[in-house]
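Taken in order, these protein sequences are the chains called E and A.
Position 110 (the first sequence) corresponds to 110 in UniProt numbering; numbering is contiguous.
Position 410 (the second sequence) corresponds to 410 in UniProt numbering; numbering is contiguous.
Think of the CB as a built atom: it goes at the ideal place given N, C-alpha and C, for glycine as much as any other residue.
Quick notes on the structure that follows.
There are 2 protein chains.
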Amino acid sequence: MLERARTLDAGDPLARYRERFDLPEGVVYLDGNSLGALPSATPQRLAEVMRGEWGEGLIRSWNSADWIDLPHRVGAKIAPLIGASAGEVIACDSTSVNLFKLIAAALALQKQRGHPGRKTILSEPGNFPTDLYMIEGLERQGLALRRLAARDTMADAIDDDVALLMLTHVHYKTGAIFDMAALTAAAHAKGALVLWDLSHSGGALPVHLNSCNADFAVGCGYKYLNGGPGAPAYLFVADRLQQAVDQPLTGWMGHAAPFAFSDDYTAAPGIGRMLCGTPPILGLSALEVGVDLIAEIGVGRLYAKSQQLSEFFRQCLSELGIELELVSPTKPAHRGSQLSFRHPEGYAICQALIARGVIGDFRDPDILRFGFAPAYLRFEDMAEAARHLSEVLASDEWQREEFRDRAAVT
Amino acid sequence: MLERARTLDAGDPLARYRERFDLPEGVVYLDGNSLGALPSATPQRLAEVMRGEWGEGLIRSWNSADWIDLPHRVGAKIAPLIGASAGEVIACDSTSVNLFKLIAAALALQKQRGHPGRKTILSEPGNFPTDLYMIEGLERQGLALRRLAARDTMADAIDDDVALLMLTHVHYKTGAIFDMAALTAAAHAKGALVLWDLSHSGGALPVHLNSCNADFAVGCGYKYLNGGPGAPAYLFVADRLQQAVDQPLTGWMGHAAPFAFSDDYTAAPGIGRMLCGTPPILGLSALEVGVDLIAEIGVGRLYAKSQQLSEFFRQCLSELGIELELVSPTKPAHRGSQLSFRHPEGYAICQALIARGVIGDFRDPDILRFGFAPAYLRFEDMAEAARHLSEVLASDEWQREEFRDRAAVT
Numbered sequence: 001m002l003e004r005a006r007t008l009d010a011g012d013p014l015a016r017y018r019e020r021f022d023l024p025e026g027v028v029y030l031d032g033n034s035l036g037a038l039p040s041a042t043p044q045r046l047a048e049v050m051r052g053e054w055g056e057g058l059i060r061s062w063n064s065a066d067w068i069d070l071p072h073r074v075g076a077k078i079a080p081l082i083g084a085s086a087g088e089v090i091a092c093d094s095t096s097v098n099l100f101k102l103i104a105a106a107l108a109l110q111k112q113r114g115h116p117g118r119k120t121i122l123s124e125p126g127n128f129p130t131d132l133y134m135i136e137g138l139e140r141q142g143l144a145l146r147r148l149a150a151r152d153t154m155a156d157a158i159d160d161d162v163a164l165l166m167l168t169h170v171h172y173k174t175g176a177i178f179d180m181a182a183l184t185a186a187a188h189a190k191g192a193l194v195l196w197d198l199s200h201s202g203g204a205l206p207v208h209l210n211s212c213n214a215d216f217a218v219g220c221g222y223k224y225l226n227g228g229p230g231a232p233a234y235l236f237v238a239d240r241l242q243q244a245v246d247q248p249l250t251g252w253m254g255h256a257a258p259f260a261f262s263d264d265y266t267a268a269p270g271i272g273r274m275l276c277g278t279p280p281i282l283g284l285s286a287l288e289v290g291v292d293l294i295a296e297i298g299v300g301r302l303y304a305k306s307q308q309l310s311e312f313f314r315q316c317l318s319e320l321g322i323e324l325e326l327v328s329p330t331k332p333a334h335r336g337s338q339l340s341f342r343h344p345e346g347y348a349i350c351q352a353l354i355a356r357g358v359i360g361d362f363r364d365p366d367i368l369r370f371g372f373a374p375a376y377l378r379f380e381d382m383a384e385a386a387r388h389l390s391e392v393l394a395s396d397e398w399q400r401e402e403f404r405d406r407a408a409v410t
Numbered sequence: 001m002l003e004r005a006r007t008l009d010a011g012d013p014l015a016r017y018r019e020r021f022d023l024p025e026g027v028v029y030l031d032g033n034s035l036g037a038l039p040s041a042t043p044q045r046l047a048e049v050m051r052g053e054w055g056e057g058l059i060r061s062w063n064s065a066d067w068i069d070l071p072h073r074v075g076a077k078i079a080p081l082i083g084a085s086a087g088e089v090i091a092c093d094s095t096s097v098n099l100f101k102l103i104a105a106a107l108a109l110q111k112q113r114g115h116p117g118r119k120t121i122l123s124e125p126g127n128f129p130t131d132l133y134m135i136e137g138l139e140r141q142g143l144a145l146r147r148l149a150a151r152d153t154m155a156d157a158i159d160d161d162v163a164l165l166m167l168t169h170v171h172y173k174t175g176a177i178f179d180m181a182a183l184t185a186a187a188h189a190k191g192a193l194v195l196w197d198l199s200h201s202g203g204a205l206p207v208h209l210n211s212c213n214a215d216f217a218v219g220c221g222y223k224y225l226n227g228g229p230g231a232p233a234y235l236f237v238a239d240r241l242q243q244a245v246d247q248p249l250t251g252w253m254g255h256a257a258p259f260a261f262s263d264d265y266t267a268a269p270g271i272g273r274m275l276c277g278t279p280p281i282l283g284l285s286a287l288e289v290g291v292d293l294i295a296e297i298g299v300g301r302l303y304a305k306s307q308q309l310s311e312f313f314r315q316c317l318s319e320l321g322i323e324l325e326l327v328s329p330t331k332p333a334h335r336g337s338q339l340s341f342r343h344p345e346g347y348a349i350c351q352a353l354i355a356r357g358v359i360g361d362f363r364d365p366d367i368l369r370f371g372f373a374p375a376y377l378r379f380e381d382m383a384e385a386a387r388h389l390s391e392v393l394a395s396d397e398w399q400r401e402e403f404r405d406r407a408a409v410t
């Protein structure tokens, strides 16, 4: 098994990218879908930003280091990874805050179009919590109504009350992929707008926002884009909507002329109006390094390798006689870069694996989740992870008390 | 003049803190009120966070490096600088986003108290633009009404329609200080809540939120707290309001149990409910270094020195025969850590000074602004800045074409 893995690694065209990341010794990291690994170039770049741009350049760097353009520049680099054009994406705030802007923007657009009664935001139960909670935020303001429909009834649940269909493209727990083209078309046919959360898609697999005719999207900077813990997020507004779009977080950086210091807000033309406060330069600079690296490798090649990795992992499990309930789609093309299994003792098993240096994660209540970030994982890691999992399951190792105490973050 | 300055520096108890910052050679930096200088410890700390916590610790660091608590920890360190208790302050998002949360929270509180008709947010014309724009954001949602009243008529402008009085404690252009205690009392007497923007106060001068009975506050991390460009901001909610407070940016990090991954939002107890998305760890870690340093020096001593610096600067100007219209209060105790002058050619003069290494800033339309960050400025810098200003004004240097082109950021 290990032999076969090494042969696969020897023939892997992406193998050489592993050294572009700083990875701890003795760790198999299967959680790049929660926090991407550190690109080796990031500490050096951040040191330059701190010592050169901040320390030496001081306030001048807003112009001389072009800090002011950084949200646009990083957004423009993310755009081709998700099937968008340069001026349609901007890097800013958190995924949650960006969701709020875009849900509110969808409601405002429906109003502009003469449908003030369309207030329903349609999503699915079990979507990533913050997506559902941000709808609730607007519900608490009295501006939106949340409706959740099961995945297989989604298209039928779109009716004349729906302002926005808001879905996560790749499900965070199962990795299941929604049919972006079909659901976007179904929503448009009923007059609804569509917002895709690409948190588990961007940088992991090719996304085609514009060829699917998507209206809005958000995504996360710290998973497959390797921007670092709590990295700035990004958002997309289709070019055709940009002049009409109106969002309520009207901070000074979204103003057409922020340094005119006028008392009254005038939205910037284009995607810039989606900005709110002062851009976080350290975070954006780290994100840029991650995005550059992923763009250099290419999402097409990354997704191809990720499918090979996860299939090889399943094969190893099978050869080791491990039978776990797979909650991810069995066809690799139907899932993102992850495999999730259901086990009532998922938390303790996950902790026992971490103690052995195999880092996956656990998602309440019973999901053991393994992410396959192909930029830095080897087939050898798959074989090793499968072996450790089989040893943990075969022994009573995971039953130890120390593996059963829940930490603050799971 | 320079001689006198050096004598003052020799007797300055804060002089030794200058070496705790990395400052460029040959620069007199009078813009710490726009972007604070780089603490020498920051690059090393960030390198540890990147290589150790992110690179080595990976996802485990949410628990092992206590990333999950970082917004609380940094907030608790900011609290004593602004007269608040540890559990009343949290570091997160941008000042603008935090303003939105708190304006919305004030409207929700008024509703809870049986005053749904109180929708007016009262501020002053010429307040920092983002403050005014964020009110407009809620106005665009149909939830708020913006009213602006001149500074000297403010107390009289508070009536039964006012939900929230929202003012910037130290004015960004003039440095004038509002009487926090008196205006808070006046607002409370009329049933209005009060939100103080401390962007130009926090870390610059002692603030007494709790003894003034303030309800809400926000502040900036990248000015006098030296957190770096676009650093996370902070917000304050008085303890007595925390159980009732309800804000619409209900992201997963503000949930009582984010890792239960429930479909429904339940606000965390206490200040944690003001969080929205995943905390920006790089930015918060840099901010923590700046806050630690300012706390070590102490805002009382900092403000005392800042007053001495600005008075000495005025004295130098006077001795050099420079007459400029001062728009800041003449009494040092009535202003923050800055001096602002009006000059029709302010922009070009500012650029000519920057070319000489004296970095102040310009605020549209005609304000030349000098900030005195006493943690790293010397009396010698005051004498030097005054000399350069006098030379620029005496010559036609500032009339050069190169100093008249406006850059994107002023």
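DSSP state of residue i mapped onto helix, strand, coil
i	result
Y222/E	coil
A233/A	strand
V392/A	helix
S310/A	helix
L28/A	The question names Leu, but residue 28/A in the sequence shown is Val. If DSSP states are grouped into helix, strand and coil, V28/A belongs with the strands.
T120/E	strand
R45/E	helix
S96/A	helix
residue 412/E	Residue 412/E lies beyond the range of chain E shown here (1 to 410); nothing can be said about it.
P39/E	strand
R404/E	coil
V245/A	coil
V74/A	helix
Q141/A	coil
Any non-hydrogen atom of the ligand FAD closer than 6 Å to residue i Cβ
i	result
F100/E	Inclusion of the ligand FAD in the displayed structure is not the case, the ligand content being empty and no account of it being possible.
Short Cβ contact (7 Å threshold) for residue i with residue j
i	j	result
A286/E	G227/E	yes
V409/A	N63/E	yes
S94/E	G277/A	yes
A47/A	G57/A	no
K111/E	V291/E	no
S201/E	G251/A	no
V74/A	F236/A	no
P280/A	P232/A	yes
I324/E	F341/E	The question names Ile, but residue 324/E is Leu in the sequence shown. Their beta carbons are under 7 Å apart, which means L324/E touches F341/E by this criterion.
L122/A	A144/A	no
Neighbour-count burial assignment, residue i, 16 or more Cβ in a 10 Å radius
i	result
G11/A	exposed
P39/A	buried
P43/A	buried
D31/A	buried
T174/A	buried
C-beta neighbour in chain E for residue i, strict 7 Å
i	result
F236/A	no
Y133/A	yes
F261/A	yes
F362/A	no
I281/A	yes
N63/A	yes
M154/A	no
I59/A	yes
D240/A	Checking the displayed sequence, the identity of residue 240/A turns out to be Arg instead of Asp. No, R240/A lies away from the interface with chain E (no Cβ there is under 7 Å from its Cβ).
CB contact below 7 Å: residue i versus chain A
i	result
R404/E	no
M274/E	no
G251/E	yes
| Are the region 125 to 132 of chain E and the region 263 to 279 of chain A in contact at 8 Å, needing three or more beta carbon pairs? | yes
| message | Quick test of the definition: if touching needs 3 or more C-beta pairs under 8 Å, does the region 363 to 378 of chain E touch the region 8 to 25 of chain E? | response | yes
| query | Does the region 156 to 174 of chain E come close enough to the region 325 to 345 of chain E to have 3 or more Cβ pairs within less than 8 Å? | reply | yes
| said: If contact is defined by three or more beta carbon pairs under 8 Å, each pair taking one atom from either stretch, is the region 190 to 197 of chain E in contact with the region 350 to 360 of chain E? | reply: no
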